[in-house]
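Novice: Residue numbers (the UniProt record's numbering): 1 to 135.
Mind having a look at this structure? Questions to follow.
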């Protein structure tokens, strides 16, 4: 899938975050992974969606990823996290794109065929057991 953005005259992305689109400036593991998965599961419980990494929110500026953490991410770790903390499988994928010489990460999810996906275990203050996340 191609990752493109329409820019305004000042070079900022015209699209805004919505129920199916979220922007993140950086990509990290640890607690941030739980936050990403909460968003992804919320999108899967709706119509699907995507998180684009490398975009500064407000004013939606193309920054690009400054390190290799996204590319080095092991999809098995994400699948393990999902199976450990959520009730159903989530159909997702990740890919990198280069736009205007900058590297971006894209994590997208399909609409869940079996809803709702329920959080099966608490993770710190980020995920709550029995919660249903929805965007």
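Note that CB positions come from ideal geometry on N, CA and C, so glycine has one too.
#1: May I ask you to report which of helix, strand or coil DSSP gives residue 19?
#2: Cα separation between residue 68 and residue 91?
#3: Give the DSSP bridge partners of residue 99, in chain order.
#4: Secondary structure at residue 33, three-state DSSP: helix, strand or coil?
#5: In three-state DSSP terms, what is residue 82?
#6: For residue 116, which residues in the same chain have their Cβ closer than 7 Å to its Cβ, ignoring the five residues on either side in sequence?
#7: Across which residues does DSSP place residue 49 in a beta bridge pair?
#8: Using a Cβ-Cβ cut-off of 6 Å (strictly less than) and excluding sequence neighbours within five positions of residue 14, which residues of its own chain qualify?
#9: Would you kindly work out how many angstroms separate the C-alpha atoms of residue 93 and residue 49, rounded to a whole number?
#10: Measure the CB-CB distance between residue 24 and residue 64 and report whether it falls below 8 Å.
#11: Count the other C-beta atoms from every protein chain shown that fall within 10 angstroms of the C-beta of residue 38, then say buried if there are 16 or more, exposed otherwise.
#12: For residue 71, which residues from the same chain have a beta carbon less than 7 Å from its beta carbon, with the 5 sequence-adjacent residues on both sides left out?
#13: Classify residue 27 as buried or exposed, calling it buried when 16 or more other Cβ atoms lie within 10 Å of its own Cβ.
Specialist: Taking the definition as stated:
#1: For the purposes of this step, residue 19 is identified with residue 19 of the chain shown, where counting begins at 1. Here residue 19 sits in coil by DSSP.
#2: Walking along the chain shown from the start, residue 68 turns up at place 68. Walking along the chain shown from the start, residue 91 turns up at place 91. Residue 68 and residue 91: Cα-Cα distance of roughly 24 Å.
#3: Taking the first residue of the chain shown as position 1, residue 99 is located at position 99. In the DSSP output, where bridge partners are listed per residue, residue 99 has 102.
#4: The sequence position of residue 33 within the chain shown is 33, counting from 1. Three-state DSSP puts residue 33 in a helix.
#5: To locate residue 82, count along the chain shown from 1; it is residue 82. Three-state DSSP puts residue 82 in a helix.
#6: Position 116 of the chain shown, counting from 1, holds the residue named residue 116. Taken in chain order, the residues that qualify are 45 and 132.
#7: For this step, residue 49 is matched to residue 49 along the chain shown. According to DSSP, residue 49 bridges with 109.
#8: Looking up residue 14 in the chain shown gives position 14. Closer than 6 Å at the Cβ level, and outside the excluded window around residue 14, lie 6 and 8.
#9: As a first step, residue 93 must be located in the chain shown, where it is residue number 93. As a first step, residue 49 must be located in the chain shown, where it is residue number 49. Cα to Cα, residue 93 sits roughly 11 Å from residue 49.
#10: The sequence position of residue 24 within the chain shown is 24, counting from 1. The sequence position of residue 64 within the chain shown is 64, counting from 1. No, the pair does not count as a contact, with Cβ atoms beyond the cut-off.
#11: Within the chain shown, the letter at position 38 stands for residue 38. By the 10 Å Cβ count, residue 38 comes out buried.
#12: Sequence index remark: in the chain shown, residue 71 carries index 71 (1-based). Here the set comprises 96.
#13: Sequence index remark: in the chain shown, residue 27 carries index 27 (1-based). Classification of residue 27: buried, given that the 10 Å Cβ count is 16 or more.
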